[in-house]
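Peer 1: Numbering (the numbering used here), first residue to last: 3 to 155.
Okay, handing you the structure first.
Rendered as structure tokens:
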């Protein structure tokens with residue numbers, strides 16, 4: 003996926019769920035996931051794709067989309083735009099649940115205070131790099147920088 007296409011996905015999710023694009027970039031940076039990635043957790047769930055969406059969400063997504071769980075799993079794991087949209091939707095749910103953007107960031111990772119707090123601090127730090135992102139064009143530059151940092155060598 004090109005940086006420009008990824009930037010459009012991020013900006014669309016940000017607009018759809020009223021979440022700052024810089025926050026989505028911060029979460030993407032901290033999660034460090036990739037298209038097609040499935041990371042096994044100690045509780046036998048998996049975190050999928052760029053935003054590392056936990057498989058605990060698959061039953062709800064499958065019902066909402068009217069597809070089998072396996073299809074929801076594949077879409078979230080293998081389609082960056084779907085993954086970013088779902089991750090941003092989950093983030094919005096956590097913000098609404100806690101009544102706070104700040105607490106919603108922590109709850110995206112964990113409702114356990116010390117775990118969520120550490121995660122929030124990492125995301126806030128990453129967001130500082132992208133604080134001026136206001137449009138898809140600005141995101142292209144930020145995404146290209148992020149991709150360059152992830153390349154080995």
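Each residue gets a CB set at the ideal place from its N, CA and C atoms; glycine is no exception.
(1) Please state if the CB of residue 28 and the CB of residue 37 are separated by a distance shorter than 8 Å.
(2) Does the segment 12-26 come close enough to the segment 37-47 that 3 or more CB-CB pairs lie under 8 Å?
(3) Do residue 33 and residue 54 have their beta-carbon atoms positioned less than 8 Å apart in this structure?
(4) Select from 105, 128, 130 and 131 the residue whose C-alpha is nearest the C-alpha of residue 119.
(5) Residue ranges of each beta strand (DSSP E) run of no fewer than 3 residues wholly in the segment 33-117, ordered along the chain?
(6) So, is residue 85 buried or exposed, given that buried needs 16 or more other C-beta atoms within 10 angstroms?
(7) Report the CB separation of residue 47 from residue 58 in whole angstroms; it is logged as a contact under 8 Å.
(8) Taking residue 19 as the reference, give the member of 80, 114 and 98 with the closest Cα.
(9) Check residue 163 in the structure and name its three-state DSSP category.
(10) Leaving aside the five residues before and after residue 3 along the sequence, list all residues of the same chain whose C-beta is less than 6 Å from its C-beta, in chain order.
(11) Return the CA-CA distance between residue 2 and residue 130, expressed in angstroms with no decimal places.
(12) Between the alpha carbons of residue 68 and residue 126, how many angstroms are there, rounded?
Peer 2: The short version:
(1) no
(2) no
(3) yes
(4) 105
(5) 40-42 and 48-50
(6) buried
(7) 6 Å
(8) 98
(9) Absent from the model: residue 163. The displayed extent of the chain is 3 to 155, so no value can be given.
(10) 82
(11) Outside the displayed range of the chain (3 to 155) lies residue 2, so it cannot be described from this structure.
(12) 35 Å
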